[in-house]
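For the protein sequence lines, the chains are Z and L, in the order given. Heads up, the first sequence is in the numbering used here, so the first residue is 661 and it goes up one at a time. Heads up, the second sequence is in the numbering used here, so the first residue is 33 and it goes up one at a time. Yeah, the Cβ is synthetic: ideal placement off N, Cα and C, and Gly gets one too. Below is one structure, written out as structure tokens; the observations come after it.
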Amino acid sequence: MPEPVITIKDLRFNYRGVKKPALDGINLDVNKGEFLVIMGPSEAGKSTLASTINSLIPNFFNGKLKGEINVMGRDTRTQSVAQMSEIVGMVFQDFEAELFSTNVELEVAFGPENFAEEWDEIKRRIDENLNYVGLDAFRRRPPSTLSGGQKQKLAIASVLALKPKILVMDEPTTDLDPISKMGVFEITHRLCKRDDLTLMIIEHETEEALFADRVAFIKEGKILKIGPTREVLTDVDTMESLGVMPLGIPKFFKRMGASELPLTPDEGVRAFQSSGWKVNPDAFEKKVAEEKAALAALSEPLIQCKNLEYSYNNTVKALNGVSMDIFKGDMVAIVGQNGSGKTTLAKHFNGLFMPKSGEVSVNGIPTKDQGVFKLGQKVGYVFQNPDHQIFSETVFEEVAFSPRLRKLSEEEVKVTVTDALKAVGLAGCEELDPFSLTKSGRQRVAVASILAAKPEILILDEPTTGLDYAEQRSMMNMVRQLNENGSTIIFITHHMWVVAEYAKRVFVMKDGQLFLQGTTREVFAHADELQTASLRPPHFVEFSNKLGNTFLYPEEMLECMEGKEN
Amino acid sequence: MDAELYLDNNSFIHRLDPRTKIIIFLLSFVAILLFQNPLWMLPVAVLIFLELYVSKAFKNIYRIRVLLIILSLFSLILWNFFARGQTHWFLFVYKESFFYAVARTLLMVLMISAGVVLISTTRNEELVLGLIKLGVPYRVGFAISTALRLVPTIASSTVTISQAQRSRGLDLDSGNLIERIRKFLPLLVPVFISTIRSTNIFAMALESKGFGAREHRTNYLRLKMQKSDYIVLGFVIAFVIASVTLSIMGYGKLTGLKNF
């Protein structure tokens, strides 16, 4: 007999000063021990819904809350967040800001301390939860020295120490590399087996939703679809229309006209083998040959690294002997675990960092002889977080910052800014306040403000982090357009599907060294080596690898199927 | 980027009880303020430098070296305006006013150093707990530690933000004073906004872990005064009593100094 722990009836919420409701009539029952995943595009109301469960709404966010919400017999409106915290645990996306103690043990102790638990009980909970998330060996370490994945595990442990009955996680893995993601999800898989704990996770990445009992799609404050995981995740068309990333494997089988849609790589391989379908080897060979020829045409090196070494404090080498060439017109992805040296490497390309040993040259001239200011005109660098650079009152002013610093005349500035905004799809937004835009809008402003310096090379650090699937696609389509118009693109990312679909070549970093390099197809064919670099190709690539030919995305494989080729 | 103020060195000073360290910190202020003559401040100076040396906290002094040097230079010059003496050296500088300026500068450097010792050797939670045990309300203690916690957060976001703006062509090293000040706007706005944002999440995370759920809370950290604490405290108290006595007896004044 299902026993609801969360009952929500016709819940509506408007943030103060915003006309459009963030929640627009939500009805939802979550049962004890259930694992529910909530998906949907940005601004759909996912986080807002999560915030109502532990009464952050209405306690922290001002606005109008209507309807009924009952969590384990409590009306959240009459409760403070602190009171709710003994039944609802909350893990946030930004793990940097949610950890505040100076060592791992004390971080876990903080919750039980607030509830005046006895010392022995606190000690017991520290031991139990650190053991549970696998951080036992790190008890004395300051949280700031942990890796991203470890930090998020610690955040989970510190919340579990309160013995909550419901655990809510708001995009807990957005900023993590694929293997750290798996580490966090491995914990949630164990948690969801506990039938005294109810899990509610907001997630962007569909592959991670596979273990849920139910999945709900939210858009514009309404639940559009909710049901058992398999039923919801095989509804490829609805997902695409909602702006949620469909899984590659069911998508492929759907387009092939199958009636039963497999979800995981193993299911996919079995279904494929029993279907009698065949990949046309000639079509595949032709595809690979064309790809090789296109890359061979790129022969003018723009950035060259020779035995590059760098260290932050002379003890650990952040980069240890990296040699690489990046050619004009290329679109390159740099991937690797958190802390593998990706960003450190990229910051050498525009002169923010100078090599401690070895050499980096751009256009054949060492960066040491050029400096950041001069290099900035050739190499544009878009930082990960647009909020780390936006400061102006209007979009126009923001984008005009760079050209004005470079002493262009006002007419030239105007032309450059207009061009840059057009390139990122923000034409006509000149007079808007950049801070009023969505994350993806601000990301575009940041890209435009770099484009305005007319760089030949554009570096993007995690351009798709924090964006939803549709936004990620349109961001990357725009970047690809820039590449087709002649810019050389280098992007750093954790999103493997973005690499699979958009990169021409891939550099894999591991422990400060270049671990693998090659065309995207070559690199993704080495699934085992990728695993040792804490990376994992998307499910669809894994599936095609198992069948013998590496395909990067469903459309590509569909073109090469026997009987489908032109 | 490593911007933590606490240095995990496990030295003799680190192992002292936070209450001992807080009391030493307060008492060194008393000792520093007693004398006008910089020579009489030397014993305190030696003790504080000894603390810095033993706890290996010079690293943190080194980090703020630029600030210390600028403040010291200003102090050495400006205090001459506020004092006169009998032995005129040049312009507005007298022998007595010069020593007075040296003493004031030393006072400032020593106070900062005493603070650096406390912060570099005491974990945030220990500091809060020490303050509570000494009678400070929990919320006040927590507020102090939150302020300290913000320092590394702001420092590391400032580094990232200045890199982002330099990549866009911002050159902080050229131009006259006014131009340079204006150039800090592109740094200040994002630093301000990202700090507010992370403080907001911090507040939500705090409450989500039950901050303030009960009237009373327990503490996992346990403080225990040990033999070494009593010995150190005994020594420091004796030192301060001796200093106070000497100061009352009239030692350590700068003769002929007229300050206003």
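Within-7 Å CB hit, residue i to chain L
{"i": "M732/Z", "result": "no"}
{"i": "V1032/Z", "result": "yes"}
{"i": "A776/Z", "result": "yes"}
{"i": "D1188/Z", "result": "no"}
{"i": "E1225/Z", "result": "At E1225/Z the pLDDT is 43, less than 50, meaning the model places this residue with poor confidence and gives no usable figure here."}
{"i": "A682/Z", "result": "no"}
{"i": "M750/Z", "result": "yes"}
{"i": "I782/Z", "result": "yes"}
{"i": "F1056/Z", "result": "no"}
{"i": "F1043/Z", "result": "yes"}
{"i": "S1096/Z", "result": "no"}
{"i": "S745/Z", "result": "yes"}
{"i": "V665/Z", "result": "no"}
{"i": "G1036/Z", "result": "yes"}
Chain Z within 7 Å of residue i, Cβ atoms only
{"i": "F87/L", "result": "The amino acid at residue 87/L is misidentified as Phe; the sequence shows Ser. Output row for S87/L: interface = no."}
{"i": "M236/L", "result": "yes"}
{"i": "T250/L", "result": "yes"}
{"i": "A175/L", "result": "no"}
{"i": "G207/L", "result": "no"}
{"i": "I54/L", "result": "no"}
{"i": "F216/L", "result": "no"}
{"i": "P75/L", "result": "no"}
{"i": "I233/L", "result": "yes"}
{"i": "V221/L", "result": "yes"}
{"i": "R305/L", "result": "Residue 305/L lies beyond the range of chain L shown here (33 to 292); nothing can be said about it."}
{"i": "A274/L", "result": "no"}
Chain Z residues whose Cβ lies nearer than 8 Å to that of residue i
{"i": "I193/L", "result": "H1048 and Q1049"}
{"i": "E157/L", "result": "S761, T762 and L766"}
Own chain partners of residue i with C-beta closer than 7 Å, once the 5 adjacent residues on each side are dropped
{"i": "F174/L", "result": "V160"}
{"i": "P1198/Z", "result": "G908, M1156, W1157 and A1160"}
{"i": "M33/L", "result": "For M33/L, the pLDDT reaches just 44, beneath the cut-off of 50, and the residue's location in the model is therefore unreliable, although a value from the coordinates is still provided. Around M33/L: S188 and V191."}
{"i": "G1011/Z", "result": "T1027, Q1030, G1031, V1032 and L1035"}
{"i": "A869/Z", "result": "V697, M699, E863, V875, T889 and L893"}
{"i": "N1143/Z", "result": "M991 and I1149"}
{"i": "L166/L", "result": "R51 and I54"}
Any non-hydrogen atom of the ligand PLP closer than 6 Å to residue i Cβ
{"i": "C1089/Z", "result": "The ligand content of the structure shown is nil, which means the ligand PLP is not present either."}
Chain-ordered neighbours of residue i on chain Z, where CB pairs are closer than 9 Å
{"i": "Q197/L", "result": "H1048, Q1049, F1051 and F1061"}
{"i": "R47/L", "result": "Neighbours of R47/L on chain Z: none; closest Cβ ~14 Å, over 9 Å."}
Contact set for residue i: own chain, Cβ-Cβ below 6 Å, skip 5 residues either direction
{"i": "A876/Z", "result": "I698, I883 and I886"}
{"i": "L265/L", "result": "T52"}
{"i": "L961/Z", "result": "It is Pro, not Leu, that sits at residue 961/Z in the sequence shown. The answer, listed in chain order, is D985 and F987."}
{"i": "I151/L", "result": "L37"}
{"i": "P63/L", "result": "Strictly speaking, residue 63/L in this sequence is Ala, with Pro absent from that position. Counting only Cβ-Cβ distances below 6 Å, and skipping sequence neighbours, we find V76, V272 and S275."}
{"i": "A1108/Z", "result": "V1059, A1080, L1081 and V1084"}
{"i": "P906/Z", "result": "V896, M899 and E900"}
Partner residues on chain L for residue i, Cβ-Cβ distance less than 9 Å
{"i": "L1065/Z", "result": "R200, G201, L202 and D203"}
{"i": "F720/Z", "result": "N232, A235, M236 and E239"}
Contact set for residue i: own chain, Cβ-Cβ below 8 Å, skip 5 residues either direction
{"i": "G723/Z", "result": "F673, N674, Y675, R676, V678, A682 and I717"}
{"i": "G162/L", "result": "D49, P50, R51, K53, I54, T154 and L255"}
{"i": "L142/L", "result": "S60, I64, M73, V76, A77 and I80"}
{"i": "K952/Z", "result": "T1179"}
{"i": "I186/L", "result": "V223 and T227"}
Interface partners of residue i on chain L, CB under 8 Å
{"i": "V741/Z", "result": "M236, E239 and S240"}
{"i": "E1131/Z", "result": "Within 8 Å Cβ-Cβ: nothing; E1131/Z doesn't reach chain L, min ~20 Å."}
{"i": "V819/Z", "result": "S240 and K241"}
{"i": "N714/Z", "result": "S240"}
Listed by chain order, chain L residues near residue i by CB distance under 7 Å
{"i": "N1227/Z", "result": "Residue numbering for chain Z in the displayed model covers 661 to 1226; residue 1227/Z lies beyond these limits and cannot be assessed."}
{"i": "G771/Z", "result": "K241 and G242"}
Counting Cβ pairs, one atom from each stretch, are 3 or more of them under 8 Å apart for the segment 735-748 of chain Z and the segment 714-722 of chain Z? Yes, since at least three Cβ pairs between the segment 735-748 of chain Z and the segment 714-722 of chain Z fall closer than 8 Å, the two stretches touch.
Which runs of the alpha helix (DSSP H) spanning at least 4 residues fall entirely within the segment 92-164 of chain L, listed in chain order? Correct list: 97-110 and 127-153.
Would you list, in sequence order, the uninterrupted alpha helix (DSSP H) runs of no fewer than 4 residues that lie entirely inside the segment 1170-1218 of chain Z? The segment 1170-1218 of chain Z contains, as complete alpha helix (DSSP H) runs of 4+ residues, the segments 1180-1185, 1187-1192 and 1199-1207 (chain order).
For the segment 674-691 of chain Z against the segment 846-855 of chain Z, are there 3 or more C-beta pairs whose distance is under 8 Å? Segments in contact, no.
Please determine if the segment 856-868 of chain Z and the segment 818-834 of chain Z are in contact, where contact requires at least 3 C-beta pairs separated by less than 8 Å. Below 8 Å, enough C-beta pairs join the segment 856-868 of chain Z and the segment 818-834 of chain Z to call them touching: three or more.
Say whether the segment 1042-1055 of chain Z touches the segment 220-230 of chain L, bearing in mind that this needs 3 or more beta-carbon pairs closer than 8 Å, one atom from each stretch. Cβ pair count under 8 Å is three or more, so yes.
How about the segment 66-81 of chain L and the segment 283-290 of chain L: do they share at least three Cβ pairs that are nearer than 8 Å? The count of Cβ pairs closer than 8 Å, one atom from the segment 66-81 of chain L and one from the segment 283-290 of chain L, reaches three, so the stretches are in contact.
Can you check the segment 1102-1166 of chain Z for any alpha helix (DSSP H) of at least 4 residues that lies completely inside it and give the ranges in chain order? Taken in chain order, the complete alpha helix (DSSP H) segments of 4 or more residues contained in the segment 1102-1166 of chain Z are 1129-1144 and 1156-1162.
Validate contact between the segment 103-116 of chain L and the segment 1199-1212 of chain Z using beta carbons, cut 8 Å, 3 pairs: Contact fails: fewer than three Cβ-Cβ distances are below 8 Å.
Could you name each continuous beta strand (DSSP E) segment of 3 residues or more that falls completely within the segment 818-843 of chain Z, going from the start of the chain to the end? Listed in chain order, the complete beta strand (DSSP E) runs (minimum 3 residues) inside the segment 818-843 of chain Z are 826-830.
At least three beta-carbon pairs within less than 8 Å, the segment 235-254 of chain L to the segment 771-782 of chain Z: Judged by Cβ distances under 8 Å, the segment 235-254 of chain L makes contact with the segment 771-782 of chain Z, as three or more pairs qualify.
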